[in-house]
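Under my numbering, think of the first position of the sequence shown as 58, with each following residue one higher.
Positions of the beta carbon are idealized from the N, C-alpha and C atoms, including for glycine.
Contents: one structure, followed by commentary.
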Amino acid sequence: MALESICMLMREPYTDWKSIKQIIMKENFIPTIANFSTEDITNDDRNKMKRDYMSRKEYNFETVNHAIAQKLGQSPCTILSYADMLKRVDPLRKELKDLKTKAEDTRQKGEELTKIIAELEASIAKYIEEYAMVISDASVIKNDLSIVEKNFLLCLRHLEKSLLTALNEVKGRILDNNRIITELETLKEEAAEVQRKMEETDTIMAEVDSLPAIPASLHLLLCHVLHSGVTQSGSFLVPVFLVILPGHISKCTDSQS
Numbered sequence: 058m059a060l061e062s063i064c065m066l067m068r069e070p071y072t073d074w075k076s077i078k079q080i081i082m083k084e085n086f087i088p089t090i091a092n093f094s095t096e097d098i099t100n101d102d103r104n105k106m107k108r109d110y111m112s113r114k115e116y117n118f119e120t121v122n123h124a125i126a127q128k129l130g131q132s133p134c135t136i137l138s139y140a141d142m143l144k145r146v147d148p149l150r151k152e153l154k155d156l157k158t159k160a161e162d163t164r165q166k167g168e169e170l171t172k173i174i175a176e177l178e179a180s181i182a183k184y185i186e187e188y189a190m191v192i193s194d195a196s197v198i199k200n201d202l203s204i205v206e207k208n209f210l211l212c213l214r215h216l217e218k219s220l221l222t223a224l225n226e227v228k229g230r231i232l233d234n235n236r237i238i239t240e241l242e243t244l245k246e247e248a249a250e251v252q253r254k255m256e257e258t259d260t261i262m263a264e265v266d267s268l269p270a271i272p273a274s275l276h277l278l279l280c281h282v283l284h285s286g287v288t289q290s291g292s293f294l295v296p297v298f299l300v301i302l303p304g305h306i307s308k309c310t311d312s313q314s
């Protein structure tokens with residue numbers, strides 16, 4: 058009976074004692090039993106073992122162990138007991154496997170996010186450097202425009218004085234003096250040109266003054282990375298931006314001031 062149960066666990070077909078003896082006479086029989094993996098036992102094997110053998114009074118650990126365990130190295134009762142334990146802990150093993158898989162996924166995501174953060178910080182540093190240069194150039198342009206605007210004002214005052222001088226030199230009716238009329242037309246055109254250039258200067262200065270605290274290219278970069286990051290793993294990237302951006306924004310503000 059003990060050998061019969063062993064053959065059943067090994068899934069070796071048998072019909073009688075003669076076929077069982079043929080199985081145990083094989084050269085690989087003992088090594089197969091010695092290296093038998095309990096994890097290979099199915100629920101059907103366990104149920105059949107309990108129903109056909111373990112339910113019998115004469116089939117117990119002491120009897121089977123005395124009969125074959127010393128020769129085979131493992132007792133069917135021990136194998137089945139261990140298989141029952143594996144069955145009970147199988148949900149925990151699966152849960153542990155799932156946790157390991159999730160931990161590996163989390164580790165890979167962490168590495169990807171670390172790479173994204175490094176690239177983002179490098180891009181931010183690059184744009185901050187470029188923006189500092191823009192601010193410096195804008196300051197120079199603003200100073201130059203202020204000088205130009207002062208020159209325009211001086212030109213207007215000069216035109217005003219020229220107009221008064223021309224009017225003081227008029228003898229008789231102003232409209233009868235062609236020279237005065239021509240000079241007035243010239244002064245009018247020059248004044249209009251100066252006024253136009255002053256308006257252009259004011260427009261340029263307004264554009265310089267309206268430079269944002271963070272350049273538009275940096276805004277586009279942050280929006281792009283934030284959009285893709287939230288789509289893939291928002292719970293990871295949002296805290297990252299909350300940590301990184303305030304410091305860089307304060308640097309931009311300090312550079313502008």
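Please confirm whether serine 219 and glutamate 242 have their CB atoms less than 9 Å apart.
Against a cut-off of 9 Å, the Cβ pair of glutamate 242 and serine 219 comes out as no contact.
Only counting the same chain, and skipping five residues up and downstream in sequence, which positions put a Cβ closer than 8 Å to that of leucine 216?
Excluding sequence neighbours, leucine 216 sits near Leu244, Glu247, Ala248 and Val251.
For isoleucine 185, which of helix, strand or coil comes out of DSSP?
Helix at isoleucine 185.
So, leucine 202 versus isoleucine 238, is the Cβ gap smaller than 9 Å?
Against a cut-off of 9 Å, the Cβ pair of isoleucine 238 and leucine 202 comes out as no contact.
Can you tell me whether glutamine 313 is helix, strand or coil according to DSSP?
Residue placement at glutamine 313 cannot be trusted, given a pLDDT of 49 that sits under 50; what the coordinates show is reported in the next sentence. Glutamine 313 falls in the helix class under three-state DSSP.
Within the continuous alpha helix (DSSP H) that includes aspartate 101, where are the two ends?
Taken as a continuous stretch (DSSP letters only), the alpha helix (DSSP H) holding aspartate 101 covers 100-106.
Return yes when the Cβ of valine 205 is within less than 9 Å of the Cβ of threonine 258, no when it is not.
Cβ distance < 9 Å, so threonine 258 and valine 205 count as in contact.
Distance, Cα to Cα, aspartate 155 vs isoleucine 192?
About 54 Å.
With DSSP as the reference, label lysine 83 as helix, strand or coil.
Residue state, collapsed to three classes: coil.
With DSSP run on the structure shown, which of helix, strand or coil describes aspartate 73?
In the structure shown, aspartate 73 sits in coil (DSSP, three-state: anything other than H, G, I, E or B).
What's the gap between the Cα of lysine 207 and the Cα of lysine 199?
The straight-line gap from Cα to Cα measures roughly 12 Å.
Using only the alpha-carbon positions, how far apart do aspartate 102 and isoleucine 173 sit?
For aspartate 102 and isoleucine 173, the distance between alpha carbons rounds to 52 Å.
Tell me the rounded alpha-carbon separation between alanine 263 and arginine 253.
Looking at the two C-alpha atoms, the distance is approximately 15 Å.
Which of the three DSSP states, helix, strand or coil, is assigned to histidine 250?
What sits at residue 250 in the sequence shown is glutamate, not histidine. Three-state result, glutamate 250: helix.
Run the CB neighbour count on methionine 82, radius 10 Å, all protein chains shown included, and call it buried at 16 or more, exposed below.
Classification of methionine 82: exposed, given that the 10 Å Cβ count is below 16.
Please name the residue, chosen from Met255, Lys157 and Arg150, that lies closest to leucine 213 on a Cα-to-Cα basis.
Closest by alpha carbon: Met255.
Glutamate 242 by DSSP, collapsed to three states: which one?
Of the three classes helix, strand and coil, the one that applies to glutamate 242 here is helix, per DSSP.
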